[in-house]
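In the working numbering, the protein residues as written are 388 to 770.
Beta carbons: idealized from backbone N, C-alpha and C, even for Gly.
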């Protein structure tokens with residue numbers, strides 16, 4: 388009997404927590420009508436960073452605009468300094484396949500420009516120490532539970548984000564590609580379909596919070612013909628909760644996305660994710676109509692997806708270089724320690740984690756690297 392009472396109590400608590408989450412996610416409103424707002428953004432490592440003010444504070448904070456985020460996120464220290472209570476907890480998973488339990492709170496007011504979004508669910512975000520996100524926007528994410536409350540225009544060329552309670556209409560004479568999307572009832576994450584080769588792949592996240600190109604599950608690779616470009620072993624891609632090891636097969640494949648056709652490199656990931664990120668989307672102006680559930684892409688420049696790097700070093704917890712990306716052709720193993728690269732240890736090049744996040748691409752632009760391994764041997768590679 389005692390065990391039954393405990394089971395009943397645990398089930399009751401879990402049910403209450405779940406119902407609280409549902410109520411929070413159902414909430415959310417815009418405190419304006421007949422509005423059209425335009426705010427600037429910065430593109431940092433391919434991600435859209437906007438300023439916002441929370442709960443009546445006069446201080447502007449920086450957030451990543453992330454259509455792939457289940458709900459908004461506020462950095463935990465900031466949330467607690469603003470007196471945001473914990474109302475529930477839930478597991479939160481990232482595209483890297485990492486799950487963490489998050490405390491859930493309510494943001495009374497999230498001000499973008501002059502427009503208030505009110506009564507929003509948000510996770511209290513405790514970043515992993517290896518996450519690159521706080522180096523780009525330390526205060527959190529604008530998530531899909533806010534984004535679904537308006538219609539949006541994303542202008543990458545002029546770095547302007549517009550939103551309104553009326554849908555944006557393209558010039559009828561413009562070339563345009565229309566893509567229907569769907570989303571779950573409690574969130575606004577847009578899911579789309581794309582034709583890859585002769586196959587239609589559904590359920591891909593239209594993800595402005597991912598700075599890569601087009602990623603499909605590795606299980607589809609054999610079913611989609613294309614020119615094999617390379618195989619990559621990777622642990623360099625970090626989300627809010629860190630990174631996972633991934634095996635990636637890159638093929639050049641012809642796609643059709645709402646009528647846009649081109650052969651581009653597609654990454655097939657062993658993590659099983661399906662994403663369309665900003666390396667592809669930044670070549671378009673984007674209109675998002677949440678009433679019609681339709682995305683319109685307006686081409687602004689030729690689509691060019693950068694070639695993935697063969698070699699990326701990271702920095703381990705001991706301050707040594709570590710292999711974060713390699714290929715079967717290179718004489719390196721994922722996670723292998725490196726004493727020095729081009730005669731320098733990791734902390735000589737990047738004194739801090741954020742120095743590394745913001746500077747690693749420029750460092751890799753050197754292209755030729757002399758690596759001293761832990762056993763003192765020297766190898767030379769080009770990336």
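- Measuring C-alpha to C-alpha distances from residue 749 to each of 532, 737 and 634 identifies 737 as the nearest.
- Pairing residue 460 with residue 528 gives a Cβ-Cβ distance under 7 Å.
- According to the DSSP assignment, residue 520 belongs to no beta strand (DSSP E) but to the alpha helix (DSSP H) extending over 520-523.
- Looking at 432, 668, 465 and 677, the one whose alpha-carbon comes closest to that of residue 446 is 465.
- According to the DSSP assignment, residue 647 belongs to no alpha helix (DSSP H) but to the beta strand (DSSP E) extending over 647-656.
- 7 Å or more divides the Cβ of residue 696 from the Cβ of residue 435.
- When the Cα atoms are used, residue 691 and residue 651 turn out to be separated by approximately 8 Å.
- Under the three-state reduction of DSSP output, residue 662 falls in the strand class.
- If you draw a straight line from the Cα of residue 472 to the Cα of residue 462, it is about 13 Å long.
- Secondary structure within the region 719-766: the beta strand (DSSP E) runs of 3 or more consecutive residues, fully enclosed, are 724-728 and 755-760 (chain order).
- Residue pairing from DSSP places residue 435 in a beta bridge opposite 430.
- By the 16-neighbour rule on beta-carbons within 10 angstroms, residue 683 is buried.
- Proximity of the region 596-605 to the region 664-672 meets the contact definition, three or more beta-carbon pairs being nearer than 8 Å.
- The bridge partners DSSP lists for residue 509 are 459 and 492.
- In this structure, the alpha-carbon of residue 756 lies about 41 Å from that of residue 589.
- For residue 636, no alpha helix (DSSP H) segment is defined; the enclosing uninterrupted segment is the beta strand (DSSP E) at 633-644.
- Residue 635 sits away from residue 606, with the two beta carbons spaced by 7 Å or more.
- Short of 7 Å from the beta carbon of residue 614, and not among the five residues preceding or following it, lie these beta carbons of its own chain, in chain order: 638 and 639.
- The distance from the Cβ of residue 433 to that of residue 592 is about 16 Å, inconsistent with a contact at the 8 Å cut-off.
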